[in-house]
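Visitor:
2 protein chains.
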Amino acid sequence: MSWITPAIQAAGIERTLDAGQTLFRLGSRATGLYEVVSGKIRLVRVSSAGSEAVLFVASAGHTFAEASLYSATYQCDAIASTKATVRLYPKAAVLAEFQRSPKVAQAFMAMLAQQVMSLRTGLQRRNIRSARDRVRHYLALNVGPDGRTVALATTLKDVARDLGLTHEALYRTLSEMASDGEIKRSDGKITIRAANRLSPLP
Amino acid sequence: MSWITPAIQAAGIERTLDAGQTLFRLGSRATGLYEVVSGKIRLVRVSSAGSEAVLFVASAGHTFAEASLYSATYQCDAIASTKATVRLYPKAAVLAEFQRSPKVAQAFMAMLAQQVMSLRTGLQRRNIRSARDRVRHYLALNVGPDGRTVALATTLKDVARDLGLTHEALYRTLSEMASDGEIKRSDGKITIRAANRLSPLP
DNA sequence: CGGCGTTTTGAGAGAGCTCAACATCGGTGG
DNA sequence: CCACCGATGTTGAGCTCTCTCAAAACGCCG
Chain A
16 MSWITPAIQA
26 AGIERTLDAG
36 QTLFRLGSRA
46 TGLYEVVSGK
56 IRLVRVSSAG
66 SEAVLFVASA
76 GHTFAEASLY
86 SATYQCDAIA
96 STKATVRLYP
106 KAAVLAEFQR
116 SPKVAQAFMA
126 MLAQQVMSLR
136 TGLQRRNIRS
146 ARDRVRHYLA
156 LNVGPDGRTV
166 ALATTLKDVA
176 RDLGLTHEAL
186 YRTLSEMASD
196 GEIKRSDGKI
206 TIRAANRLSP
216 LP
Chain B
16 MSWITPAIQA
26 AGIERTLDAG
36 QTLFRLGSRA
46 TGLYEVVSGK
56 IRLVRVSSAG
66 SEAVLFVASA
76 GHTFAEASLY
86 SATYQCDAIA
96 STKATVRLYP
106 KAAVLAEFQR
116 SPKVAQAFMA
126 MLAQQVMSLR
136 TGLQRRNIRS
146 ARDRVRHYLA
156 LNVGPDGRTV
166 ALATTLKDVA
176 RDLGLTHEAL
186 YRTLSEMASD
196 GEIKRSDGKI
206 TIRAANRLSP
216 LP
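Order-wise, the sequence lines are chains A and B.
If you use the working numbering, the first sequence corresponds to residues 16 to 217, in order.
If you use the working numbering, the second sequence corresponds to residues 16 to 217, in order.
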């Protein structure tokens, strides 16, 4: 079940921004949380010296400013990096829905908890130095129900960004793994060959 | 306000584990979420081939298995990496408290949302290749109210792990930044010199 | 005092980054 | 239909930066 119920969906307000346009600023009144429909939104904090530190780049499908539900003001600046469309879910509408139906509040919490775990996993992956082991970690945690096949929803370039590798490094690593027989590639899928199976019966 | 109210605190059940001991397994009935009191707990998923992929290593102060509140079973294995003490907050007690007081549920959601943002920021930081820029990012986002001073709560070794650098690399980077006059170190604090101020009046 | 963990500096090697060239594919328009 | 374009995918070669291994100073605590 999604936390975006028909009622919340209906309360959503779309807005389009040009590249470089500001969506909200640190300290401005928190109106609600956002979902990116298209384009990229950059969340940044600007130092007193004027340099900006990027906190997160949200792209299509991402939500951001979830914490605004429980805060009077936004905690950073949000600026469109490209021409972008966002959907605002007003605080009041969301909180009212949470109050009306505990199920919805639960779905929202579950989504957040799920996201926390997924982000922790991504961070853990970055602690792996070797490109090959990083790819192994990614594959192992993205196998389908059969336990051997990984479907690549996105392009390999996107996967590379996820992994914190250049796309060149990823391509190379994958072709090495393929020629070592550790994986098999076909179309949009990668199949893991049981390389490190513990000694089968003789 | 913390989501761990006196009532929830009182419902907590402490348990001590030896290194290597299992706390719960994938598929076992979810009893609640945990907080690490001391030691380290490793969350892993084991592939059919028997190799394990680490999802997260929780240490003192961390909570984990938050998603278990809304799931019937655990989604991974939890194994003590060292001798460890954990506190279990039983699902029923937590959910009852959430129902009794919406404020508590809100505090929990706010904590999750805050954590999501913090993890996203950590991940964003790892996308920065250069050690120096990564340190700059860390410092910029951890300055105190004065906007110039960063208090180091933990040891530099711990900070290095946070940044995804070896401690040697961090020490070197810091001393280079210090000798370049970009920062000043004293005791447990780092002060940022307004290095990249835009051209002051002549 | 002696042991342990943190902090610091040195030297060398290697893994991944960078730059570059080219193939491939899908869409677009003459 | 074909030429062109942009984005993804692929491979090559060199270089830089960080990791690794090593050693030593320092501070803290029993």
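We treat Cβ as the ideally placed atom computed from N, Cα and C, and that holds for glycine.
#1: In the structure shown, what three-state DSSP assignment does A:I198 receive?
#2: Please give the ranges of any beta strand (DSSP E) in the region 92-170 of chain B, keeping only runs that are unbroken, at least 3 residues long and fully inside the region.
#3: To the nearest whole angstrom, what separates the beta carbons of A:R141 and A:G179, a pair I think is in contact under 8 Å?
#4: Can you check the region 21-51 of chain B for any alpha helix (DSSP H) of at least 4 residues that lies completely inside it and give the ranges in chain order?
#5: When you compare each of B:L185, B:Y153, B:T164 and B:V72 to A:T136 by their alpha carbons, which one comes out closest?
#6: In chain A, which residues lie less than 8 Å from B:R60 when you measure between Cβ atoms?
#7: Does DSSP put A:I56 in a helix, a strand or coil?
#8: Could you list which residues in chain B have their beta carbon closer than 7 Å to that of A:R135, in chain order?
#9: What does the alpha-carbon distance come out to for the pair B:A122 and B:I19?
#10: From what residue to what residue does the beta strand (DSSP E) around A:A73 run?
#11: Going by Cα to Cα distance, which pick from B:A82, B:S63, B:T88 and B:S83 is closest to B:R44?
#12: Going along chain A in order, which residues have a C-beta closer than 8 Å to the C-beta of B:R141?
#13: Secondary structure at A:T188, three-state DSSP: helix, strand or coil?
#14: Roughly how many whole angstroms lie between the Cα atoms of A:S83 and B:M126?
#15: To the nearest angstrom, how far is it from the Cα of B:T4 to the Cα of A:V109?
#16: Please report how far the alpha carbon of B:V131 lies from the alpha carbon of A:L70, in whole angstroms.
#17: Out of A:V119, A:Y85 and A:S74, point me to the one whose CA is closest to A:V11's CA.
#18: Using 10 angstroms around the beta-carbon of B:S53, count the other beta-carbons present and answer buried if the total reaches 16, otherwise exposed.
#19: So, is the C-beta of B:S63 closer than 8 Å to a C-beta in chain A?
#20: If the cut is a Cβ gap below 7 Å, which residues of chain B does A:E81 touch?
#21: In angstroms, rounded to a whole number, what distance separates the CA positions of A:L103 and A:R176?
#22: Go through its chain and collect everything with a Cβ distance to A:V119's Cβ below 6 Å, but skip five positions before and after it.
#23: Does the distance from the C-beta atom of B:C91 to that of B:L138 stay below 8 Å?
Guide: Once the coordinates are examined:
#1: strand
#2: 92-95, 99-105 and 164-166
#3: 5 Å
#4: 21-26
#5: B:V72
#6: A155 and L156
#7: strand
#8: L70, F71 and L134
#9: 9 Å
#10: E67 to S74
#11: B:T88
#12: L138, R141 and G179
#13: helix
#14: 12 Å
#15: Nothing can be reported for residue 4 of chain B: it is not among the residues displayed for chain B, which extend from 16 to 217.
#16: 11 Å
#17: Absent from the structure is residue 11 of chain A, since the part of chain A shown begins at 16 and ends at 217.
#18: exposed
#19: yes
#20: A128 and V131
#21: 27 Å
#22: W18, T20, E112 and F113
#23: no
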